[in-house]
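Student: First the structure, which I've put down as structure tokens, then a few questions once you've had a look.
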Amino acid sequence: MATLPAISEIPRHHPECCLSLSTKLIQAIGQRQSHGSTVISIGSGSGLLETLIQQRYSTVRVIGLEVNNLVNKYLPPENAVTVKGTWDIYNKSSEYNTWLFVYPRSPKLISSYLELPMVPYTIIWLGPRKDWDDFRTPFVASEFKLEEIEDAGLVHYETMVLMTKESSLSSADGFVPLSKSQIDEI
Numbered sequence: 391m392a393t394l395p396a397i398s399e400i401p402r403h404h405p406e407c408c409l410s411l412s413t414k415l416i417q418a419i420g421q422r423q424s425h426g427s428t429v430i431s432i433g434s435g436s437g438l439l440e441t442l443i444q445q446r447y448s449t450v451r452v453i454g455l456e457v458n459n460l461v462n463k464y465l466p467p468e469n470a471v472t473v474k475g476t477w478d479i480y481n482k483s484s485e486y487n488t489w490l491f492v493y494p495r496s497p498k499l500i501s502s503y504l505e506l507p508m509v510p511y512t513i514i515w516l517g518p519r520k521d522w523d524d525f526r527t528p529f530v531a532s533e534f535k536l537e538e539i540e541d542a543g544l545v546h547y548e549t550m551v552l553m554t555k556e557s558s559l560s561s562a563d564g565f566v567p568l569s570k571s572q573i574d575e576i
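Right under this line is the structure:
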């Protein structure tokens, strides 16, 4: 695997990631994950962001999903999965606690993921502010609560939006049922 570049609190672009990276961004993503959870990054590219998250939050498993495993330079092979094309849906994504979309290309792809029988309660969207309006509709239609994360450690023209959904199965005390992958780890 390639050597990870050093990142700092100041967001900067790196040649192998379309998103600006910073320690604040890694923290903004990682602190929203529970111990033992699994994040799937749908469209992970080189796997740089995903590996930085995994390195900082070792109790969180990060899976990268791409159309070609040759673009992955950072994620270990056991954390990288592929699909047939940019239109293809990875059905096992429903098994993961958080979906991460970084600079997604198509709102239609997101809509297709949201039509899966099971959708996680947390989705993170990262990309250009000007693109967010095009991507907002599928999430609003799925009754997600949307929250733009201020000062997420991105450059000024990028944004992080957190989508959360209450479990219809959660109990009065706020507990949410465990996912299959969480149960398997017990």
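In the numbering used here, the protein residues as written are 391 to 576.
The beta carbon of each residue, even a glycine, is placed where N, CA and C say it ideally should be.
These figures come from a predicted structure and were not determined experimentally.
Check whether the Cβ atoms of S434 and A470 lie closer than 9 angstroms to each other.
Tutor: Taking 9 angstroms as the Cβ cut-off, S434 and A470 qualify as a contacting pair.
Student: Which residues does DSSP list as the beta-bridge partners of I443?
Tutor: I443 pairs with nothing; no bridge assigned.
Student: To test your reading of the DSSP string, which unbroken beta strand (DSSP E) runs of 3 or more residues are found completely within the region 415-500?
Tutor: Listed in chain order, they are 428-432, 451-456, 470-472, 488-492.
Student: Mind checking which residues open and close the alpha helix (DSSP H) that includes T527?
Tutor: From DSSP, the alpha helix (DSSP H) with T527 extends over 519-531.
Student: How many whole angstroms separate the CB atoms of P394 and T428, which I take to be in contact at a CB cut-off of 8 angstroms?
Tutor: The residue you asked about is not Pro; residue 394 is Leu in the sequence shown. About 21 angstroms; that fails the 8 angstroms criterion.
Student: If you compare alpha carbons, which of P507, A531, L536 is closest to L516?
Tutor: Answer by Cα proximity: L536.
Student: Candidates G543, A392, W489: which alpha carbon is nearest N462's?
Tutor: Selected option, being the one with the closest Cα: A392.
Student: Looking at M553 and T512, is the spacing between their C-beta atoms short of 9 angstroms?
Tutor: Cβ atoms of T512 and M553: closer than 9 angstroms.
Student: Pick from R446, E468, I397: whose alpha carbon is nearest that of G454?
Tutor: Among R446, E468, I397, the Cα nearest to that of G454 is on E468.
Student: When you compare the CB positions of I419 and I397, do they come within less than 9 angstroms of one another, or not?
Tutor: No, Cβ-Cβ distance for I419 and I397 is not below 9 angstroms.
Student: My guess is that W489 and S496 are in contact by the Cβ rule of under 8 angstroms, so how many angstroms apart are they, rounded?
Tutor: Incorrect: roughly 15 angstroms between the Cβ atoms, too far for contact.
Student: DSSP puts V551 in a beta bridge; with which residues?
Tutor: Looking at the DSSP assignment, V551 forms a beta bridge with W515, E538.
Student: From this set, V452, R446, R451, G437, which residue's C-alpha is nearest N458's C-alpha?
Tutor: Comparing Cα positions, the closest option is G437.
Student: I'd like the span of the beta strand (DSSP E) that includes L409, first residue to last.
Tutor: Per DSSP, L409 belongs to the beta strand (DSSP E) from 407-411.
Student: Pull up the distance between the alpha-carbon of V450 and that of K520, whole angstroms please.
Tutor: Cα-Cα distance, rounded: 30 angstroms.
Student: Where do the N-terminal and C-terminal ends of the beta strand (DSSP E) with H373 fall, by residue?
Tutor: The chain is shown only over 391 to 576; residue 373 falls outside these bounds and no answer can be derived.
Student: Looking at C-alpha atoms only, which residue of T527, Y503, L465, Q423 is the closest neighbour of N487?
Tutor: It is Q423.
Student: Drop a sphere of 10 angstroms on the beta-carbon of E348, count the other beta-carbons inside from all chains shown, and report buried for 16 or more, exposed for fewer.
Tutor: For the chain, the structure presents residues 391 to 576; residue 348 sits outside this window and is missing.
Student: Of the choices P494, W522, I479, whose alpha-carbon is the least far from that of S502?
Tutor: Cα-wise, what sits closest to S502 is I479.
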